[in-house]
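Protein chains in written order, with the working numbering: chain A, 197 to 412; chain B, 197 to 412.
2 protein chains.
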Amino acid sequence: MAKSGAPSNVMVRGGARSAETRRLLIEAAVDVLKSDGYAGASARVIAERAGSNQGLIFYHFGSVANLLLAALDSVSTARMEQYGSSVGAVGSATELVDSATEIFRSDLDAGYITVLVEMIAGASSTPGLGAEVAARIGPWKEFAQLAIEDALGDSPLGQVLPSKDVAYAIVALYLGLEMLSHLDGDRQPALALFAHAKQLAGLFEAMTGPSSTKET
Amino acid sequence: MAKSGAPSNVMVRGGARSAETRRLLIEAAVDVLKSDGYAGASARVIAERAGSNQGLIFYHFGSVANLLLAALDSVSTARMEQYGSSVGAVGSATELVDSATEIFRSDLDAGYITVLVEMIAGASSTPGLGAEVAARIGPWKEFAQLAIEDALGDSPLGQVLPSKDVAYAIVALYLGLEMLSHLDGDRQPALALFAHAKQLAGLFEAMTGPSSTKET
DNA sequence: GTCTATACTTGGATAGAC
DNA sequence: GTCTATCCAAGTATAGAC
């Protein structure tokens, strides 16, 4: 039963050729999600952008939805690898805002949040997809929560606001800001908000005194 | 040239029968956007839910996208009529949060924000749709801005934070919270946030003194 | 003027070629 | 094992019936 035949439902096949094809398709899927959204992400369009045949999508991933989930995974992984290190470096509210600003700007330019938004919104149209997407947002929330706890954990504000709820809000805000920025083709208003947030953070730190910052 | 014939690109036709068909189609379009999202909102699906013929969509609206825009207009209008009166009644930060909470809960149940989210996310896939949707978000931003100015206009916080930027953030947050709530099928985390916001508003009012509330 | 039947296009999925 | 040619369903749009 070892080397036997017909493509099963379970993905991930052996050959190096296969891996390369998969990589190209995932890359193209991410690209199409960014430019044409979920509704425009058909097997044909994705395959064409990958310079590949549309049938391969069903061979390698079983369905378009599965490929799109793989694309979301790819983006999530890339993002976490990119930012995972910068979490620990945060020590105060202003630094947290600075870090968040940089991450948001970077995410916006890379189109990471676009992919996430399109997958969330698109999930409504494909039965079963919602749960899969929901499961993949966990890391995004956890990442935000970790950053918040690192920065505000033992400060007065940290006592009042549960980090989990705040993380939820931050992720929601990211999604919403992406949508509006993307729609208007103008990221300026969103970035202006981060500038205000930094002002507020500074104000808050001044009010509660320098002792509120974490010392390692 | 008065009573002449062939359906032009410009919509809105005369008869009462026509108006009724249009109404049914718009209603169905809103419904389908809520349940199946933009990607699932095809002419066939919408027409079937309206108990109507799919060809009528193209006769009355010229394209599916135009019908969906009409659906968005319908939702926007209904929402503004529903909440327009409650804006003036707000006099303090806590009242503003209370009002916002109620509006958010109502929006969530009615599916208004779902329609908006789907249209924004879906706009990526249809050329030209983005600009149309963007133009229709103006009122939502203005509504939020007006409410904020009413509540915070001459308070200390109102001096620091430009109402336009804050309104932008609020709308973005609404969109994001809707997406997450909708995806998880759980509105509890989002509503918990409003509870926290009320705490903060109360804290803020206590700090700045009762003089910061508006007197009419 | 309003609506239905039909034409044509694109999309998902697979049977079969290599 | 990997990929391509082909099938059928679903989509948009319109020509023509009422």
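From the three backbone atoms N, C-alpha and C, an ideal C-beta is built for every residue, glycine too.
For residue i, three-class secondary structure by DSSP
{"i": "R383/B", "result": "coil"}
{"i": "G334/B", "result": "helix"}
{"i": "S259/A", "result": "coil"}
{"i": "Y234/B", "result": "coil"}
{"i": "V430/B", "result": "With chain B represented from 197 up to 412, any question about residue 430/B goes unanswered, as that position is not in the structure."}
{"i": "T409/A", "result": "For T409/A, the predicted structure reports a pLDDT of 47, less than 50, and the residue's modelled location is therefore unreliable. A value from the coordinates is still provided. T409/A: coil per DSSP, three-state reduction."}
{"i": "T310/A", "result": "helix"}
{"i": "T404/B", "result": "helix"}
{"i": "T273/B", "result": "helix"}
{"i": "G318/A", "result": "helix"}
{"i": "G326/A", "result": "helix"}
{"i": "G211/A", "result": "coil"}
{"i": "G349/A", "result": "coil"}
Contacting residues, own chain, Cβ-Cβ under 6 Å from residue i (five flanking each side not counted)
{"i": "V362/B", "result": "I344"}
{"i": "A246/B", "result": "L220, L221 and A224"}
{"i": "T412/B", "result": "At T412/B the pLDDT is 40, less than 50, meaning the model places this residue with poor confidence; the figure from the coordinates comes in the next sentence. Correct list: empty, nothing qualifies."}
Range covered by the alpha helix (DSSP H) that runs through residue i
{"i": "L292/B", "result": "A289 to A306"}
{"i": "Q250/B", "result": "Per DSSP, Q250/B belongs to no alpha helix (DSSP H) and is neither H nor E."}
{"i": "P352/B", "result": "P352 to V356"}
{"i": "V241/B", "result": "A239 to R245"}
Own chain residues within Cβ distance below 8 Å of residue i, not counting five before or after
{"i": "V206/B", "result": "Note that V206/B scores a pLDDT of 47, beneath 50, so its modelled location is shaky and nothing firm can be said."}
{"i": "S248/A", "result": "T217, L220, L221 and A224"}
For residue j and residue i, the rounded distance between their alpha carbons
{"i": "E244/B", "j": "E216/A", "result": "43 Å"}
{"i": "E314/B", "j": "P385/A", "result": "22 Å"}
{"i": "G258/B", "j": "G211/B", "result": "17 Å"}
{"i": "Y255/A", "j": "S238/A", "result": "15 Å"}
{"i": "D294/B", "j": "D303/B", "result": "14 Å"}
{"i": "Y364/A", "j": "S320/B", "result": "25 Å"}
{"i": "L373/A", "j": "E374/B", "result": "13 Å"}
{"i": "S359/B", "j": "V241/B", "result": "41 Å"}
{"i": "H392/A", "j": "L292/B", "result": "20 Å"}
{"i": "W336/B", "j": "S272/B", "result": "8 Å"}
{"i": "V263/B", "j": "I333/A", "result": "Note that residue 263/B corresponds to Leu in the displayed sequence, not to Val. Looking at the two C-alpha atoms, the distance is approximately 32 Å."}
{"i": "R213/A", "j": "Q395/B", "result": "58 Å"}
{"i": "A306/B", "j": "M276/B", "result": "13 Å"}
{"i": "G201/B", "j": "G381/A", "result": "For G201/B, the predicted model reports a pLDDT of 42, less than 50, meaning its position is unreliable; a value from the coordinates is still stated below. Cα to Cα, G201/B sits roughly 41 Å from G381/A."}
{"i": "G251/B", "j": "G354/A", "result": "58 Å"}
{"i": "L342/A", "j": "L357/A", "result": "14 Å"}
{"i": "V283/B", "j": "R301/B", "result": "16 Å"}
{"i": "A274/B", "j": "F339/A", "result": "38 Å"}
{"i": "A402/A", "j": "L348/A", "result": "14 Å"}
{"i": "S231/A", "j": "A327/B", "result": "15 Å"}
{"i": "Y308/B", "j": "D346/A", "result": "36 Å"}
{"i": "S281/B", "j": "S281/A", "result": "49 Å"}
Cβ pair residue i, residue j closer than 8 Å
{"i": "A261/A", "j": "T322/A", "result": "yes"}
{"i": "L376/A", "j": "V367/B", "result": "yes"}
{"i": "F390/B", "j": "A296/B", "result": "yes"}
{"i": "Y234/B", "j": "A235/A", "result": "yes"}
{"i": "L379/A", "j": "V226/B", "result": "no"}
{"i": "I299/B", "j": "Y279/B", "result": "yes"}
{"i": "L268/A", "j": "L325/A", "result": "no"}
{"i": "L229/A", "j": "L369/B", "result": "no"}
{"i": "A317/B", "j": "A397/A", "result": "no"}
{"i": "L371/A", "j": "L371/B", "result": "yes"}
{"i": "S351/A", "j": "T290/A", "result": "no"}
Residue i Cβ short of 7 Å to the ligand ZN heavy atom set
{"i": "S295/B", "result": "Because no ligand of any kind appears in the structure shown, any question about the ligand ZN cannot be addressed here."}
Cβ neighbours of residue i in the same chain (closer than 7 Å, five flanking residues each side left out)
{"i": "S270/B", "result": "I222 and V226"}
{"i": "R383/B", "result": "L304 and S377"}
{"i": "A331/A", "result": "none"}
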